[in-house]
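Take a look at the structure below.
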Amino acid sequence: MTDQDENTLIAQRRSKLTTLREAGNPFPNDFRRNAVAGELHAEYGDKDNEALEASPVRVKVAGRLMAKRVMGKAAFAQLQDMSGRIQLFLQRDSLPDGVYQAFKGWDVGDIIAAEGTIFKTRTGELSVRAETIRMLTKSLRPLPEKFHGLADQETRYRQRYVDLIMNEASRTTFRMRGRIVQFIREYLNKQDYLEVETPMMQAIPGGATARPFTTFHNALEMDLFLRIAPELYLKRLVVGGYEKVYEINRNFRNEGLSTRHNPEFTMLEFYQAYADYHDLMDLTEDLLRSMAQQLLGDTTLEYQGSRYDFGKPFRRMSVRDSILHFNPDLSAADIDDIEKARTVADGLKIPLKDSYGLGKIQIEIFEKTVEGRLDDPTFITAYPTEVSPLARRNDNDPFVTDRFEFFVGGRELANGFSELNDSEDQAERFRQQVEDKDAGDLEAMHFDADYIRALEHGMPPTAGEGIGIDRLVMLFTDSPSIRDVLLFPHMRPE
RNA sequence: GGGCCGUUAGCUCAAUUGGCAGAGCAGUGGACUCUUAAUCCAUUGGUUGAAGGUUCGAUUCCUUCACGGCCCA
């Protein structure tokens, strides 16, 4: 912060602070409140003034001064705390000498405390008739204009504290984010899942195809990678005997920013032994349905003008079928043969590499022509083995895996599969990934020998899944950008 | 990375063909003992994102850059 954003408004407040300093410590921390606005409204909002005056209730409240309406010898003020707002009614002659005069010099934005009794004004607004008020923290910077609030997107992201002070919608979004995460924890804990934490700094970044951030450990003199996924560690825990585990934490991927991508994002990953991908689709469906019901009070939710129904069974369709469904001009023969599939991809102006096999080409066609059109909640299944190096092959068709991704509103929200627990197949898949990496694929996986060693001890048949928390929160809060659901989204320096 | 749009007072926004940079809120001073964006009177406040160019004169036109938004890859 430079001196350049100092201005006369700040200077005036600084000078007020100086005056406060001369009168004593202007940052006291000896006030203890015994009520918050939301509880007062909940408890006394229904009562009329006669009832309130008949048995006076004394309260101590504190918060940010958000509005000040002075009318001669009486004034109203709005106090905002974590639970909402409560009005204060101040009368010069009901306050200690000089206090009212001091109050008139306080600014919107100051943190103040008040003690008094609850009553209702003539217009019926629940208020505190203040008998004492105190300044707890002087605010030096003016808040945005009271009516329009803070509208500038950039400032809302860069100075989230101002956004949170000014915008109730923003406060609601992040409260909902907390409730969603809490709901997931309760849901999984109830089913005997164990919450665990696995390394965020990894010697071998694994569990996804993505470019990692690198860092350096001085004492060990070695490169480390911020994890792109916790997957391989969580499955080591399944080998170890924790048959139901989950982790909710940050992943880091060194790629571009968009309304759907932030370099660090939050992922739920969970693994369950003696289950397959069908079980997880069922679980996902139930989880989202009950989450919507409990947190939104409805199994239908609105996102950016469209309605999505989580109440009815989610559609399930294979990658191959979905391509044919959304491309009626294509026949099975067009996408089952690599040369023909290449021709189709060329026609769609999809850039292909020579190394791409049929599975990769199919996925490119899928992403280009299908993904964005999967509006209603849909599970897409049977992903090609070529693009699913950690997933179990389908027993009847080894070209594909027992894997699904979940889409709603054209966006991928989850990815799950029956886990590959054949260590020899896994080793072979890693070798293929290393070949791709050597051929220049920056996102291809490393060979993780310790993970193979773990599998060689035997991992029970298992299914696992990842759910993108940020995108889920976007959906549940009708937020158009991932930045709206990240308290401090990544921004270029000012 | 490409295209389009934006950046003006602390905030929200105006500014005619290129001709004195404005309003509301906030602030400051005053009036006012039930307000709700309180009201009324008066009033302060600007490196128009940055640098350069064209011009007698640039918020306005041109170039480059920075940051952001939306769309595309």
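Residue 70 in numbering that gives the first Met the number 0 sits at position 71 of the first sequence, and the numbers go up by one each step.
Cβ atoms here follow ideal geometry from the backbone N, Cα and C, with glycine treated the same way.
Fewer than three Cβ pairs drawn from the stretch 343 to 352 and the stretch 373 to 387 lie within less than 8 angstroms of each other, which leaves the two stretches out of contact. Contact between the stretch 410 to 417 and the stretch 428 to 444 is absent, with fewer than three C-beta pairs closer than 8 angstroms.
In this structure, N248 sits away from P262, with a CB-CB distance that is not shorter than 8 angstroms. Under DSSP, no beta-bridge partner is assigned to K348. Of the other Cβ atoms in all chains shown, fewer than 16 fall within 10 Å of the Cβ of G71; this residue is therefore exposed. Between Y156 and P198, the CB-CB gap reaches or exceeds 8 angstroms. As computed with DSSP, K72 is found in no beta bridge at all.
Contact annotation: L486 and R159 have beta-carbon atoms nearer than 8 angstroms.
Between the beta-carbon of Q190 and that of K243 there is about 7 angstroms, and that keeps the pair under the 8 angstroms contact cut. Here F212 carries a coil assignment [DSSP, helix/strand/coil]. Across the structure, L471 and N188 are spaced so that their CA atoms are roughly 19 angstroms apart.
From the listed residues R319, G177, N250, the smallest Cα separation to K359 is found for R319. Excluding residues up to 5 positions away in sequence, R252, N253, E254, L441, E442 lie with their Cβ nearer than 7 angstroms to the Cβ of R210 in the same chain. Proximity of the stretch 123 to 143 to the stretch 448 to 459 falls short of the contact definition, fewer than three beta-carbon pairs being nearer than 8 angstroms. The C-beta distance from T368 to I322 rounds to 7 angstroms, short enough to meet the 8 angstroms contact threshold. Residue environment: D162 is assigned as buried (16 or more neighbouring CB atoms within 10 Å of its CB, all protein chains considered). An exposed status is given to M221, since fewer than 16 other beta-carbon atoms sit within 10 Å of its beta-carbon. The Cβ-Cβ distance between G108 and R63 falls below 8 angstroms. A381 and I362 have their C-alpha atoms some 11 angstroms from each other. When Cβ pairs closer than 8 angstroms are counted between the two stretches, the stretch 273 to 282 is seen not to touch the stretch 305 to 312, the count staying below three. When beta bridges are read from the DSSP output, R170 appears opposite no residue.
DSSP places T299 within a strand segment (E or B) once states are collapsed to three.
The residue from L225, E196, F102 with its alpha-carbon nearest to that of I203 is L225. With a threshold of 16 other beta carbon atoms within 10 Å, E268 meets it and is buried.
Exposure of A50 is indicated by the presence of fewer than 16 other C-beta atoms within 10 angstroms of its C-beta. For E220, no beta strand (DSSP E) run applies, since DSSP gives it neither H nor E.
By the neighbour-count criterion, in which a residue is buried when 16 or more other Cβ atoms sit within 10 angstroms of its Cβ, F406 is buried. Nearest to H147 by C-alpha distance, out of A113, H40, N166, is N166.
Here the alpha carbons of I466 and Q271 stand approximately 15 angstroms from one another. Around the beta-carbon of E246, 16 or more other beta-carbon atoms lie within 10 Å, marking it buried. With fewer than 16 neighbouring CB atoms inside 10 Å of its own CB, F26 falls in the exposed class. T265 and D469 have their C-alpha atoms some 6 angstroms from each other. In this structure, the beta-carbon distance from A73 to L89 falls below 8 angstroms. Following the DSSP letters along the chain, one finds E363 inside the alpha helix (DSSP H) bounded by residues 357 to 368.
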